[in-house]
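Everything below concerns the one structure shown next.
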Amino acid sequence: MGRMNAALDEVRQVYADLAVRPIDRNCVRVKECCHFKLTGRTPYLTKGEALVAAKALRATGRRALPENPSVACPLLDAPTGDCLIYDSRPFGCRTHFCAAAGGPYARREVLDLIRRLEAVDESLDGTGPRQLQNAIGDALSELER
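The numbering used here applies: residue 20 is where the sequence shown begins, and numbers increase by one.
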């Protein structure tokens, strides 16, 4: 358990390090980017990111991903449309392509952070980035063990 906690702390530190970068972005929570069918894009998460997201989802009292037939992100609360885990949202959601937030980060601006997430993934015996729904679903199952 100590290895997992250290790995998840590193994921959270990557998120914190990203937040202090002098890159002009501002998520205004328009939520268009959270509608995968509309954008044609779905975030991919490393195992560490998925575990952080799964723990945050469990902290809301949920044990499984909500069913979301609208093909929006399953982490959007159906009644409000708000992200259930906004403060623990994955790296891809933080660096996304949303024009309202300032467009995508250039890969070169965050490559060091991506490599740190990949190192965490490897330390947790992950298999590389996976589609959000699958990655978080598996992480929820792993947390149940």
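Ideal Cβ placement from N, Cα and C applies to all residues, glycine included.
query	result
Tell me whether THR114 is buried or exposed, calling it buried when 16 or more other Cβ atoms sit within 10 Å of its Cβ.	buried
If you pair each beta-carbon of the stretch 72 to 89 with each one of the stretch 144 to 157, do three or more pairs fall below 8 Å?	yes
Could you check where the alpha helix (DSSP H) with GLY67 kicks off and where it finishes?	66 to 78
For THR65, count neighbouring Cβ atoms within 10 angstroms of its own Cβ and tell me buried if that reaches 16, exposed if not.	buried
Could you give the first and the last residue of the continuous alpha helix (DSSP H) run that contains THR146?	That residue, THR146, is in no alpha helix (DSSP H); it is neither H nor E in DSSP.
I'd like the list of long-range same chain contacts for CYS53, defined as Cβ closer than 6 Å, with 5 residues on each side in sequence excluded.	ALA91, CYS92, LEU95
Does any CB atom of chain B fall closer than 9 Å to the CB of GLY80?	Checking the listed chains, one finds no chain B in this structure; it contains a single protein chain.
Using CA atoms only, rank isn't needed, just tell me which of LEU132, LEU57, PRO62, SER142 is closest to VAL39.	LEU132
By Cβ distance, which residues of its chain are closer than 7 Å to VAL139, with the 5 residues on each side in sequence left out?	ALA26, GLU29, VAL30, THR65, GLY67
Spell out the partners DSSP gives HIS54 in its beta bridges.	ALA91
Span of the alpha helix (DSSP H) holding TYR34?	21 to 38
Pull up the distance between the alpha-carbon of THR79 and that of ILE104, whole angstroms please.	8 Å
Tell me whether the beta-carbon of ARG127 lies closer than 9 Å to the beta-carbon of VAL33.	no
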